[in-house]
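Following: one structure in structure tokens, then a few remarks.
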Amino acid sequence: MTMLSKRGLLQALAGIAAVSVAGVATARTPGIAAIDAAGASDIGRAWLALHPTEVATLRADLVPSDDSPIGRLKSRAHDDYRSGRLFVHKGWFLSETEARLCALISLI
Amino acid sequence: MPVTDARTLPDASRIQADIVIIGGGMAGLTLAHEFAGTAARVVILESGGPDPDPEIQALYAGPGVMSGPGNPDLSINDYLAQSRVRALGGSGHVWGGKCGPLDAIDFAARPWRALSGWPFGRHELKPFFDRACDRLKLPRFPEDDSLPEGQWPAPLTDRSGPLRSSPRAYSPISGRADPAQFAAFRDAPGQAANIHVHTHINCAGIRLNEDGAVDRLELRCLTGTTHTARATTYILATGGIENARLLLASSAERPDGVGNGTGWVGRCFQGHCTLSTGENDPRGEAEIAFTTGADLSLYDNQPRDRPHAVFVLSPEAQQELGVGNCTLTLSLSPKAVAEAGSVRAAVDQMAAAIEGPTARRLDYFFMSEDAPNPDSRITLSDQTDALGQPRARLDWRYTQADWDSLAGSAAGFARALGAQGLGRLCWPIESDAMIAGLSPSRHHMGTTRMATDPAQGVVDADCRVHETPNLYVAGSSVFPTSGLVNPTLTLTALAIRLADHLKARTGIA
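Residue numbers (this note's numbering), protein chains in the order written: chain R, 308 to 415; chain G, 3 to 511.
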């Protein structure tokens with residue numbers, strides 16, 4: 308398993324958050340950085356327990372490679388829901404993309 | 003004609019009519035309304051009086067159990083007496099009045115749902131739904147599932163996606179909400195010249211002649227007197243449990259009961275159960291984190307003076323998921339902010355980051371259609387009531403197909419909400435805790451199921467008992483499948499349709 312560095316993860320999430328605050332969703336959208344880390348980690352650890360080999364792919368998968376990361380996450384999440392790619396944790400039906408995002412947060 | 007308290011009749015009285023309606027509940031009274039003013043001499047035989055009475059209500063008691071795979075059995079011994087009312091007006095005394103037409107898919111033979119399919123489609127029933135709405139003082143429901151005419155809040159959904167909105171409205175003919183209007187509905191048939199209402203009289207047996215037709219009814223009063231009733235046509239309208247019990251108990255000429263040659267009487271009992279969780283439930287709360295700021299007031303089911311809507315899944319989504327019909331009803335009461343460090347807080351904030359501001363988290367309750375199950379049934383218990391009649395026993399049995407349908411439907415709603423960016427759904431009840439999470443309604447369906455093929459049901463498409471040419475059944479016991487709408491509008495529509503059929507068949511003007 309390849310572990311991500313804490314610094315790298317923070318950079319990744321900051322990148323998403325910065326873009327969201329900068330323009331994608333305006334001040335109404337608090338951004339990824341505002342997600343409750345403890346709650347997200349609860350989800351993320353559960354997801355990682357089922358997908359232990361995917362740690363290495365999380366950053367590349369979720370870190371923005373363009374200037375619209377929130378829009379990309381949104382589109383992916385909607386597509387997950389449409390296609391039934393769901394992760395259920397404590398009753399919450401989440402998209403696979405959202406679960407992976409929580410997994411990334413749990414690694415910080 | 004006057005209303006007669008049958009306890010005042012001399013012993014061994016003979017009641018004679020063209021049509022005898024056994025049971026003066028919503029179905030029986032609707033039939034009587036339809037026959038009022040015609041040339042037919044109609045008698046209603048009602049066990050109770052105008053208002054509920056504990057001694058009469060006790061006749062309804064009987065054992066019951068609810069069971070399902072992977073769940074401990076639940077004793078529901080109170081259910082048979084508490085979920086129905088034995089009085090003139092029937093369960094209308096406690097009915098809240100919620101109405102809606104069954105969905106078109108409810109009538110369809112669905113390959114993924116065993117024993118589904120009515121002998122006719124919703125389109126055929128549409129004129130009778132309209133007349134039932136008129137009878138129950140409701141706005142008429144359009145056939146395309148849109149809202150009744152009027153200026154109402156806009157629905158959140160359109161007709162193209164998997165998430166749809168299905169209209170509901172409240173009838174004022176509700177003993178709980180509007181006793182005066184309910185009493186007027188209850189008492190009007192007894193004021194018609196050709197309708198004779200007998201109260202406090204019980205059918206204790208349906209006796210057949212050698213041709214297999216009904217010859218007479220054996221009647222008993224709690225005072226000990228016995229009587230008989232004879233008619234050309236008999237209509238059994240005593241409710242979804244009692245219809246089956248009375249047929250099964252009428253064993254003088256048919257040991258397995260009247261109309262039960264193929265063994266369907268009492269089988270396929272279906273009810274409607276709501277599933278939800280309370281605030282701070284340790285399993286989690288059934289709630290939706292809505293990410294839309296849209297007006298949701300159409301989904302508020304509290305105002306009685308305007309239609310509201312519930313969420314349903316499209317027929318295509320039901321087929322894709324392999325589930326039965328299902329509804330999701332919102333509570334618009336605001337909820338507290340999720341506690342820091344919780345999964346709920348993370349979901350709220352993640353949804354807000356991705357979709358936009360989380361406007362609100364709302365509770366909901368969920369309903370999923372029971373699969374018709376021949377082993378979910380009414381039988382005769384070894385207990386007897388004060389009339390010496392065997393009491394009903396209810397074995398309400400769920401199957402794995404029901405659990406799969408519940409879970410699949412919850413996932414279907416979650417998918418539809420998420421795909422449209424409307425919100426995130428929490429459904430915290432596991433399959434091994436389903437029974438404990440169910441709240442049974444007073445809807446009793448399926449026990450004299452309607453089928454074109456006599457081998458597959460008790461009554462035909464006209465609600466006539468296949469084996470008994472002059473016996474008909476009215477009420478929700480004829481529903482082959484239950485759908486997810488409160489059954490009163492549909493049973494009222496079917497009663498009007500039956501009245502039309504009998505008028506045409508007998509030439510009654």
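Here a beta-carbon is modelled for each residue, glycine too, at the ideal position from N, C-alpha and C.
field: Cβ neighbour criterion (16 or more within 10 Å) applied to D343 (chain R)
entry: buried
When G:C465, G:L249, G:R426 and G:C428 are compared against I498 (chain G), the one with the closest alpha-carbon: G:C465
- prompt: Residues of chain G with CB under 9 Å from F400 (chain R), in chain order?
  reply: A412, A413, F415, A416, R417, L419, G420, R426, L427, C428 and W429
field: Chain-order list of residues whose beta-carbon lies under 6 Å from that of G26 (chain G) (same chain, five-residue window excluded)
entry: I46, E48 and L90
Runs of alpha helix (DSSP H) lying entirely within the region 292-372 of chain G, each at least 4 residues, in chain order: 317-323 and 345-357
- prompt: So which of G:A435, G:V461 and G:C275 has the shortest CA-CA distance to S85 (chain G)?
  reply: G:C275
field: A329 (chain R) (DSSP reduced to helix, strand or coil)
entry: The predicted position of A329 (chain R) is uncertain, since its pLDDT is 34 and thus under 50; a value taken from the coordinates is nonetheless stated next. Of the three classes helix, strand and coil, the one that applies to A329 (chain R) here is helix, per DSSP.
Whole-Å CB distance - C101 (chain G) paired with L138 (chain G), under 8 Å assumed: 6 Å
message: Suppose contacts are defined by Cβ-Cβ distances below 9 Å. Is G163 (chain G) in contact with K381 (chain R) by that definition?
response: no
message: When you compare the region 366-382 of chain G with the region 101-120 of chain G, are there three or more beta-carbon pairs, one atom per stretch, that lie closer than 8 Å?
response: yes
- prompt: Should E469 (chain G) be counted as a contact of the ligand PLP given a C-beta to heavy atom distance under 8 Å?
  reply: Looking for the ligand PLP in the displayed structure turns up nothing, as the structure carries no ligands at all.
query: Can you pull the DSSP bridge partners for E220 (chain G)?
result: G:G207 and G:T230
message: By the DSSP assignment, the beta strand (DSSP E) with W398 (chain G) in it spans what residues?
response: P392 to R399
message: Once DSSP output is grouped into helix, strand and coil, what is the label at R379 (chain G)?
response: strand
field: Start-to-end residues for the beta strand (DSSP E) that takes in V1 (chain G)
entry: As displayed, chain G neither begins before 3 nor continues past 511, which places residue 1 (chain G) out of reach and without an answer.
query: With 9 Å set as the bound, which would you pick, yes or no: does the beta-carbon of D343 (chain R) sit closer than that to a beta-carbon of chain G?
result: yes
Cβ distance (whole Å) where F394 (chain R) is taken to contact A413 (chain G) below 8 Å: Their Cβ separation, rounded to whole angstroms, is 11 Å, which puts F394 (chain R) and A413 (chain G) out of contact at 8 Å.
- prompt: With burial defined as no fewer than 16 other Cβ atoms inside 10 Å of the residue's Cβ, what is the status of R395 (chain G): buried or exposed?
  reply: buried
DSSP state of D283 (chain G) mapped onto helix, strand, coil: coil
query: Taking the alpha-carbon positions, what's the D75 (chain G) to Y400 (chain G) distance?
result: 11 Å
task: Drop a sphere of 10 angstroms on the beta-carbon of V331 (chain R), count the other beta-carbons inside from all chains shown, and report buried for 16 or more, exposed for fewer.
output: Here the model assigns V331 (chain R) a pLDDT of 33, short of 50, so the residue's position is not dependable and the matter cannot be decided.
- request: Check each residue of the region 351-371 of chain G: if its Cβ is closer than 9 Å to any Cβ of chain R, include it; give the result in chain order.
  value: Q351, M352, A353, A354, A355, I356, E357, G358 and P359
query: Who are the neighbours of I377 (chain R) on chain G, taking C-beta pairs under 8 Å?
result: A355 and I356
Beta carbon proximity, L380 (chain R) to chain G, threshold 9 Å: yes
query: Are A8 (chain G) and T201 (chain G) touching if we call contact CB-CB under 9 Å?
result: yes
message: Can you confirm whether G408 (chain R), when its beta carbon is compared against all beta carbons of chain G, has any partner nearer than 9 Å?
response: For the record, residue 408 (chain R) in the displayed sequence is Leu; it is not Gly. Yes, L408 (chain R) counts as interfacial toward chain G.
field: Under the three-state DSSP convention, the category A171 (chain G) falls into
entry: strand
message: Quick test of the definition: if touching needs 3 or more C-beta pairs under 8 Å, does the region 219-238 of chain G touch the region 475-487 of chain G?
response: yes
message: For P181 (chain G) and H95 (chain G), I'd like the C-alpha separation in whole angstroms.
response: 8 Å
query: Between the beta-carbon of R43 (chain G) and the beta-carbon of I21 (chain G), is there less than 9 Å?
result: yes
- prompt: Just curious, the beta strand (DSSP E) that I237 (chain G) is in, first and last residue?
  reply: T235 to L238
message: By the three-class DSSP mapping on this structure, what secondary structure does S443 (chain G) have?
response: strand
- request: Between the Cα of I175 (chain G) and those of G:K337, G:L427, G:A134 and G:H229, spot the shortest distance and give me the residue it belongs to.
  value: G:A134
message: Between which two residues does the alpha helix (DSSP H) holding M68 (chain G) run?
response: Note, M68 (chain G): premise wrong, no alpha helix (DSSP H); beta strand (DSSP E) at G66 to S69.
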